[in-house]
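Comments concern the structure below.
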Amino acid sequence: MAFFILVIAIAGGIFWFNRKSAIDKYTKKQELAMKILEKSKRIRLEVMADINELGGRMASADREQYISLTQERESLQETLETIEASIRAMESILQWRVDSSGGRLEIEKELSNLRRYSGLTLEELARDCGIVP
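Heads up, the sequence shown is in our numbering, so the first residue is 7 and it goes up one at a time.
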């Protein structure tokens with residue numbers, strides 16, 4: 007009987023440790039996602055300001071300048087779309103609770119989508135944003 011109780015106690019300890027480790031892992035991922043989200047929102051505002059500035063310069067540009075500014079604006083708009091996709095992914099990661107296995111599964115799905123569409127892991131994206139994970 008004592009052996010049975012010991013086995014149950016050891017198994018319970020192992021399950022508790024695994025759960026705590028998973029919670030800690032995903033909590034750190036959410037903290038990193040929050041930092042990326044804050045940085046992405048700042049960068050988004052800067053890019054939007056650059057696009058608006060280009061719009062003003064395009065109004066008084068000659069033909070060659072207009073073509074060049076249009077290309078630059080299109081490039082900035084593509085960058086803006088990428089940043090907005092990153093913001094949506096980070097917000098989605100942050101909406102889930104890490105203390106439930108379902109929440110951790112949804113976070114993992116979002117991280118997988120991030121890797122699939124951007125080719126980057128959360129940690130690589132953080133480094134690209136100048137954030138040390």
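The C-beta atom is built at its ideal place from N, Cα and C for all residues, glycine as well. Just so we're clear, the structure is a prediction, and the values are computed from it rather than from any experiment.
With a threshold of 7 angstroms on Cβ separation, who are the neighbours of residue i within its own chain once the five nearest residues in sequence on each side are excluded?
i: threonine 127; result: Arg121
i: alanine 5; result: Here the chain comprises residues numbered 7 to 139, so residue 5 is not present and cannot be evaluated.
i: glutamate 116; result: Ala95, Ser98, Ile99
i: methionine 40; result: Leu100
i: glutamate 84; result: none
i: glutamate 90; result: Arg50
Output the distance between the C-alpha atoms of residue i and residue j, rounded to the nearest integer angstrom.
i: isoleucine 113; j: threonine 88; result: 20 angstroms
i: leucine 75; j: serine 92; result: 26 angstroms
i: glutamate 80; j: serine 118; result: 28 angstroms
i: leucine 12; j: alanine 95; result: 44 angstroms
i: arginine 69; j: serine 124; result: 35 angstroms
i: glycine 108; j: lysine 47; result: 28 angstroms
i: phenylalanine 10; j: isoleucine 16; result: 10 angstroms
i: asparagine 24; j: tyrosine 72; result: 59 angstroms
i: isoleucine 6; j: glycine 18; result: A question about residue 6 goes unanswered here, because the residues of the chain that appear run from 7 up to 139.
i: asparagine 58; j: methionine 64; result: 10 angstroms
Checking 8 angstroms against the spacing of the C-beta atoms, do residue i and residue j come in under that value?
i: glutamine 36; j: valine 138; result: no
i: leucine 38; j: alanine 132; result: yes
i: leucine 60; j: glutamate 78; result: yes
i: alanine 28; j: arginine 110; result: yes
i: valine 53; j: leucine 100; result: no
i: lysine 5; j: cysteine 135; result: The shown model of the chain, from 7 to 139, leaves out residue 5, and the question about it has no answer.
Less than 8 angstroms between C-beta atoms, sequence neighbours within five positions excluded: which residues of the same chain meet that for residue i?
i: threonine 33; result: Val104
Less than 6 angstroms between C-beta atoms, sequence neighbours within five positions excluded: which residues of the same chain meet that for residue i?
i: aspartate 56; result: Leu82
i: isoleucine 20; result: none
What residue range does the alpha helix (DSSP H) around residue i cover?
i: serine 107; result: 107-124
i: valine 53; result: 8-65
i: threonine 127; result: That residue, threonine 127, is in no alpha helix (DSSP H); it is neither H nor E in DSSP.
i: glutamine 101; result: No alpha helix (DSSP H) holds glutamine 101; DSSP gives it neither H nor E.
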